[in-house]
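Novice: First the structure, then my questions, so here it is.
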Amino acid sequence: MKQTIRLRVNGDTYEVAVPPWRTLNEVLREDLRLTGTKRGCGDGDCGACTVLLDGRSVTSCLMLAVEAVGHEVTTVEGLATARDALHPVQAEFIAAGAIQCGYCTPGMELSAAYLLSRNPSPTDDEIRRGLSGNLCRCTGYQKIFEAVRRASDRLKGAAPPDAAAGDPAAGGPAGGDPSGGGARP
Ligand code: FES
Ligand code: FES
759 MKQTIRLRVN GDTYEVAVPP WRTLNEVLRE DLRLTGTKRG CGDGDCGACT VLLDGRSVTS
819 CLMLAVEAVG HEVTTVEGLA TARDALHPVQ AEFIAAGAIQ CGYCTPGMEL SAAYLLSRNP
879 SPTDDEIRRG LSGNLCRCTG YQKIFEAVRR ASDRLKGAAP PDAAAGDPAA GGPAGGDPSG
939 GGARP
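Per my numbering, the very first residue in the sequence shown carries number 759; after that it's consecutive.
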């Protein structure tokens, strides 16, 4: 049996009729067509489905859509304020060449954004732990770490922006520990 729920996603309000067992990931991708949020393992292990819930990273494959009612969801589509105004994490992923196939990228970027929102000056070890819930099978992680370091510098005003172009939907977290400790539902 379906029930109509109201979801807040990227600042917009959506009404959608869903069965109680439908995951937030399914609703985002299939009902709202926000396909920047990926689905990998479906078991909470890969982080591809990461979104922010009231600013905290969560794995949307493990969360029911009904659990998101009353909360603010941010997907990779909402991380950038405009197509030509990417979030520093997104811009630095592009600048550092931290994107290959891109499947992990939305989740990685949201986990990185969450990490930097809680810890603006993470150590290398804290970056590793902050992204520990996100798997990438292409990059070897080094360029991703470099992108997060650069985004940290940029957010602190220590580095000039050097990549402000690109597709917000290509970049853009579930994740690891911002201190970094995970925030899985
Ligand atoms: S799809 Fe892998 S953690 Fe959600
Ligand atoms: S870029 Fe392909 S899985 Fe990370």
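The beta-carbon is built from N, C-alpha and C at its ideal position, and this holds for glycine as well.
Could you check where the beta strand (DSSP E) with Ser890 kicks off and where it finishes?
Specialist: Residue numbering aside, residue 890 sits at position 132 when the sequence shown is read from its first letter. It is not in any beta strand (DSSP E) - Ser890 carries neither H nor E in the DSSP assignment.
Novice: Reducing DSSP to helix, strand and coil, say where Val816 ends up.
Specialist: The count along the sequence shown starts at 1 and reaches residue 816 at position 58. Val816: strand per DSSP, three-state reduction.
Novice: Is the beta carbon of Cys862 within less than 7 Å of some heavy atom of ligand 4?
Specialist: Summarising the ligand content, the structure contains ligand 1 and ligand 2 and does not contain ligand 4.
Novice: Should Arg791 be listed as close to ligand 2, given that the test is whether its C-beta is under 7 Å from any heavy atom?
Specialist: On the sequence shown, residue 791 is found 33 positions in, with the first residue counted as 1. Checking the Cβ of Arg791 against ligand 2 gives no.
Novice: State the start and end residues of the unbroken alpha helix (DSSP H) segment that holds Tyr861.
Specialist: As a position in the sequence shown, residue 861 is number 103, starting the count at 1. Segment: none, Tyr861 is in no alpha helix (DSSP H) and carries neither H nor E.
Novice: State the Cα-Cα distance for the pair Asp770 and Gly898, rounded to the nearest angstrom.
Specialist: The residue you call residue 770 lines up with position 12 of the sequence shown. The residue you call residue 898 lines up with position 140 of the sequence shown. Their backbone Cα atoms lie some 36 Å apart in a straight line.
Novice: For ligand 1, is there any heavy atom lying closer than 7 Å to the beta carbon of Cys896?
Specialist: Working through the sequence shown from its first residue, we reach residue 896 at position 138. Cys896: no, Cβ never under 7 Å from ligand 1.
Novice: Relative to the C-alpha of Thr793, which candidate in Asp812, Arg886, Ala806 and Gly802 has its C-alpha closest?
Specialist: Looking up residue 793 in the sequence shown gives position 35. Comparing Cα positions, the closest option is Ala806.
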